[in-house]
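Protein chains in written order, with numbering that gives the first Met the number 0: chain A, 0 to 442; chain B, 0 to 259.
For each residue, glycine too, the CB sits at the ideal point set by N, CA and C.
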Amino acid sequence: MNTIPIDMDLTEKLTILSDAAKYDVACTSSGVDRKGNGRGIGNSIAPGVCHTFSADGRCISLLKILFTNECIFNCAYCLNNRDSDVRRASFTPDEICTITLEFYRRNYIEGLFLSSGIMVSPNYTMELIYQTLHRLRTIHHFNGYIHVKALPGADPELVERTGFLADRMSINLELPTADSLHKLAPCKSRNTILKPMRQIQNRITDNKQELTVYRKAPRFVPAGQSTQMIIGATPENDFQIMSVAEGLYEKFSLKRVFYSAFVNVNGNSMLPALPGGPPLLREHRLYQADWLLRYYHFKVSELLSEERPDFNIFLDPKCDWALRHLEYFPVEVNRASYQTLLRVPGIGYKSAERIVKARKKTCLSFDDLKKIGVVLKRALYFITCSGKMMYNTKLEENYICENLMRDKTQIPKDIREGGYQQISFFDRELQSEFQLTDAEILT
Amino acid sequence: MYIFLCKDSIDGIFTGVYDAWASRYGHQNIALTTHTPDNYSLFDEYISVPCDYDKSAKVARTLYNRMGDETYQEIYQAASALETCHSRKSIDKADAIYKTIVLALSLPDASKVLHYLGNPYINRAFQLSLCTGNEAHHLLGFLRFQELENGILFAQIHPKNDVLPFLGEHFSDRLPEENFMIHDATRNLAVLHPQGKRFFITDTKELNHEMLQRLSPQEMEYRRLWRTFFDNIAIEARINPALQNQNLPKRFRQDITEFQ
Ligand code: SF4
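So this is what it looks like as structure tokens:
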């Protein structure tokens with residue numbers, strides 16, 4: 000392992016430690032509304048704020064860095080693992096404070112996202128992370144957003160102390176099943192990941208109690224907990240992945256699950272080469288399905304099954320579901336319940352809300368729906384306004400499917416134009432019979 | 000028709016609303032506009048409305064009390080929107096706001112007025128409010144401060160809609176201990192926030208441009224660091240200019256450090 004040059008300058012450190020942090024996909028600053036306190040610096044607004052977009056088109060909201068890219072672990076998919084020959088660097092807590100504050104004042108960022116490799120031991124590194132947050136919050140009175148990683152294997156007491164300084168905490172699940180984790184990240188285990196996840200969940204629940212009794216009680220991870228899974232490095236199918244996500248939402252009360260299309264950074268022979276590039280369209284479908292779980296009251300079992308374990312890559316999951324459930328349609332927009340409206344392709348949850356409000360005042364026409372924000376070119380096959388369809392369309396699977404497929408937006412423009420290749424054989428090959436081994440852990 | 004010609008600003012439009020209401024010509028005989036027509040119609044009478052802050056404040060107070068904070072904010076945002084937000088064929092901004100207010104005050108619960116999205120005037124007001132709201136939200140993130148030699152944080156923006164009041168609120172809450180200035184170069188107006196005090200909006204005809212050129216000694220250092228971060232955080236295997244352009248409209252870039 001290379002030794003750290005003591006006097007490495009800040010630009011060099013930032014280069015190494017932002018480069019090493021970029022595969023963590025979460026960069027949102029959402030989930031907490033906090034006014035400024037009239038002194039110090041910083042506040043936070045619940046919807047989150049994007050400050051810029053990097054060359055890959057992703058939102059940059061937080062200063063996303065590692066504390067160090069030194070690591071004693073050997074996760075196969077990670078460029079910082081102990082066997083990699085990469086340049087190493089570590090910040091000091093003060094350096095991170097300075098960059099965070101100076102970036103924040105200039106409105107480059109909404110806050111800090113601090114993750115880390117594991118230097119010396121999980122506790123040793125977690126303590127440094129704690130020190131950094133402590134300085135930011137108490138010495139510099141920084142009141143902006145902080146997302147921090149809990150390191151697998153760190154002492155629960157340290158995790159708890161850190162959580163009282165952070166807005167969001169996350170521990171990456173890394174891979175959808177314990178089997179894959181065991182193969183690719185032998186230093187981690189489902190246990191060292193799920194235990195702290197449970198701990199944080201319980202602490203959040205207790206904290207809500209404390210806050211009802213004593214409004215000024217210190218807040219523990221007010222923006223909740225999130226996690227991330229790498230997609231396409233291992234053979235799990237979409238059904239397995241979404242079932243795990245559903246379990247995490249229901250049993251661990253996670254705020255968000257992130258999906259990260261696998262990028263082969265180190266040519267490790269245990270991992271797929273993915274000549275077609277990272278599986279971006281698959282990742283996109285998983286995010287769409289994730290929305291359906293969180294905002295549209297869908298269950299994974301309605302979208303996928305053992306017999307049909309993967310999403311249709313040509314259609315978004317909601318259109319796909321609707322096509323297989325034509326018995327629910329057409330829906331009369333002026334009468335259908337909010338829940339029913341949510342299931343119509345082309346009607347988003349905001350449009351559904353607006354429809355419910357607006358139809359109390361007038362009987363809605365197709366023109367009104369358009370103004371409200373309904374995507375009619377999708378919805379028109381599935382709805383009536385005052386008993387009439389928009390055009391003389393047939394309620395027939397093949398017919399609608401053909402028409403929907405003609406709509407290019409089924410595959411987002413940037414993926415279409417980014418030279419997306421259909422799921423490579425390699426992906427398909429990998430998705431052999433892989434059993435959902437993790438069900439017990441999540442129940 | 001009696002057409003009330005008002006100044007294109009919150010106070011201008013609210014004064015127009017006050018005068019139109021007080022005129023008692025009957026709401027159906029009244030229209031409001033903010034632009035002088037190209038050809039005057041013989042059948043219309045034009046009444047030009049001088050901006051009056053007392054009248055405007057009265058309208059604002061009434062609306063706030065009757066509609067509640069949330070709906071009032073929407074109306075305020077709609078009035079702050081650029082008139083040509085949509086095609087020229089669409090309903091006049093000032094008229095949309097006037098008709099929305101008339102309807103609101105006729106309802107038992109004025110806060111529900113925006114539910115009438117089927118009504119073209121309400122719909123227009125709602126769309127205008129969205130325009131301002133979206134742009135203001137974008138700028139909460141896209142705005143960049145630079146530190147001047149005298150320690151002031153200075154930002155320049157070129158917004159379509161009049162978003163300064165929203166930005167002033169947000170950044171005063173966020174940076175209470177800073178002296179900062181946000182310059183709307185399209186309108187020649189600026190938010191000024193003196194450390195520890197409330198912000199105010201002022202015009203910038205006398206702005207000292209030479210002062211703006213003198214940066215603090217560390218300013219370039221932090222810009223460089225930021226560039227370093229910005230360039231490094233992108234994943235090479237996912238480089239996607241189409242997505243970047245879609246998410247960060249080109250018109251904002253002239254004022255964003257990392258794109259200069
Ligand atoms: S713990 Fe694993 S994923 Fe994290 S830095 Fe170390 S090797 Fe990489």
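Using three-state DSSP, classify residue i as helix, strand or coil.
i             : result
residue 306/A : coil
residue 419/A : In this prediction, residue 419/A scores a pLDDT of 42, lower than 50, which makes its location untrustworthy; the coordinate-derived value is nonetheless stated afterwards. Coil, per DSSP.
residue 153/A : coil
residue 29/A  : coil
residue 204/B : coil
residue 78/A  : coil
residue 390/A : coil
residue 232/A : coil
residue 40/A  : strand
residue 246/A : helix
residue 260/B : For residue 260/B there is no data in the structure shown, the boundaries of chain B being 0 and 259.
residue 170/A : coil
residue 338/A : helix
residue 137/B : helix
residue 318/A : helix
residue 12/B  : helix
residue 146/B : strand
residue 234/B : coil
residue 181/A : helix
residue 240/A : helix
residue 297/A : coil
residue 63/A  : strand
residue 151/B : coil
residue 169/B : helix
residue 214/B : strand
residue 452/A : With chain A covering 0 to 442 only, the question about residue 452/A has no answer from this structure.
residue 198/B : coil
residue 10/A  : helix
residue 366/A : helix
Can you check which of these residues, the options, is closest to residue i by C-alpha distance?
i             : options                    : result
residue 110/B : 53/B, 195/B, 100/B         : 100/B
residue 407/A : 312/A, 391/A, 165/A        : 312/A
residue 288/A : 305/A, 315/A, 61/A         : 315/A
residue 31/A  : 121/A, 64/A, 374/A, 143/A  : 143/A
residue 220/A : 198/A, 213/A, 231/A        : 198/A
residue 190/A : 183/A, 200/A, 177/A        : 177/A
residue 19/B  : 65/B, 66/B, 94/B           : 94/B
residue 388/A : 161/A, 52/A, 332/A         : 332/A
residue 272/A : 260/A, 339/A, 127/A        : 260/A
residue 254/A : 233/A, 234/A, 225/A        : 225/A
residue 195/A : 342/A, 121/A, 213/A        : 121/A
residue 76/A  : 236/A, 352/A, 229/A, 365/A : 229/A
residue 27/A  : 59/A, 51/A, 13/A           : 59/A
residue 159/A : 136/A, 201/A, 293/A        : 201/A
residue 348/A : 166/A, 127/A, 185/A, 291/A : 291/A
residue 217/A : 185/A, 161/A, 270/A        : 161/A
residue 226/B : 117/A, 52/A, 47/A          : 52/A
residue 403/A : 319/A, 192/A, 234/A        : 319/A
When DSSP builds the beta bridges, which residues end up paired with residue i?
i             : result
residue 331/A : 383/A
residue 226/A : 256/A
residue 46/B  : 3/B
residue 146/A : 112/A, 167/A
residue 58/A  : 52/A
residue 179/B : 152/B, 192/B
residue 251/B : Bridge partners of residue 251/B: none, in fact.
residue 219/A : DSSP, once it has assigned bridges, lists no residue as partnering residue 219/A.
Does ligand 2 have a heavy atom nearer than 6 Å to the CB of residue i?
i             : result
residue 275/A : Of the ligands this structure carries, namely ligand 1, none is ligand 2.
- Task: Could you list the residues in the stretch 351–382 of chain A with a C-beta less than 7 Å from some C-beta on chain B, going in chain order?
- Result: Of all residues in the stretch 351–382 of chain A, the ones placed with a Cβ closer than 7 Å to any Cβ belonging to chain B are 353, 356, 357, 359, 360, 361, 363, 367, 370, 371, in chain order.
### Interface positions of the stretch 38–52 of chain A facing chain B (Cβ-Cβ less than 8 Å), listed along the chain
If the cut-off is 8 Å between Cβ atoms, the stretch 38–52 of chain A has 38, 39, 40, 41, 42, 44, 46, 48, 49, 50, 51, 52 near chain B.
inquiry  = To be precise: take each residue of the stretch 184–210 of chain B, compare its Cβ to all Cβ atoms of chain A, and keep it if any distance is under 7 Å. Which residues remain?
reply    = Listed by position, the residues of the stretch 184–210 of chain B near chain A (Cβ gap below 7 Å) amount to none.
- alpha helix (DSSP H) segments (min. 4 residues) lying fully within the stretch 253–279 of chain A: With a minimum length of 4 residues, no continuous alpha helix (DSSP H) run stays inside the stretch 253–279 of chain A.
**Request:** Scan the stretch 71–132 of chain A and note each continuous beta strand (DSSP E) run of 3 residues or more that stays entirely inside, going in chain order.
**Result:** Taking only runs of at least 3 residues, the beta strand (DSSP E) segments lying wholly in the stretch 71–132 of chain A are 110–114.
Return the residues of the stretch 227–257 of chain B that lie within a Cβ-Cβ distance of less than 9 Å from chain A, sorted by chain order. Answer set for the stretch 227–257 of chain B: 227, 228, 229, 230, 231, 232, 233, 234, 235, 236, 237, 238, 239, 240, 241, 242, 243, 244, 245, 246, 247, 255, 256, 257.
- Message: Taking beta-carbon pairs under 8 Å, can you tell me which members of the stretch 10–23 of chain A lie near chain B?
- Response: Within the stretch 10–23 of chain A, the qualifying residues are 10, 13, 14, 17, 18, 20, 21, 22.
Practice task
Determine which residues of the stretch 256–267 of chain A have a Cβ less than 9 Å from any Cβ of chain B, and write them out in chain order.
Solution key: Within the stretch 256–267 of chain A, the qualifying residues are 260, 262, 263, 264.
Secondary structure, alpha helix (DSSP H): runs of 4+ residues fully inside the stretch 81–121 of chain B:
Qualifying alpha helix (DSSP H) stretches, in chain order: 92–105.
Review point. According to a CB-to-CB cut-off of less than 7 Å, which residues of the stretch 87–121 of chain A neighbour chain B?
Key: Those residues of the stretch 87–121 of chain A that come within reach of chain B (Cβ to Cβ, closer than 7 Å) are 98, 101, 102, 104, 105, 106, 107.
Contained beta strand (DSSP E) runs [length at least 3] in the stretch 22–71 of chain B, N- to C-terminal order
Within the stretch 22–71 of chain B, the complete beta strand (DSSP E) runs of at least 3 residues are 29–32, 44–47.
Contact set between the stretch 139–155 of chain B and chain A, restricted to residues whose Cβ is under 8 Å from the partner:
Along the stretch 139–155 of chain B, the positions whose C-beta sits under 8 Å from a C-beta of chain A are 139, 140, 141, 142, 143, 144, 145, 146, 152, 154, read in chain order.
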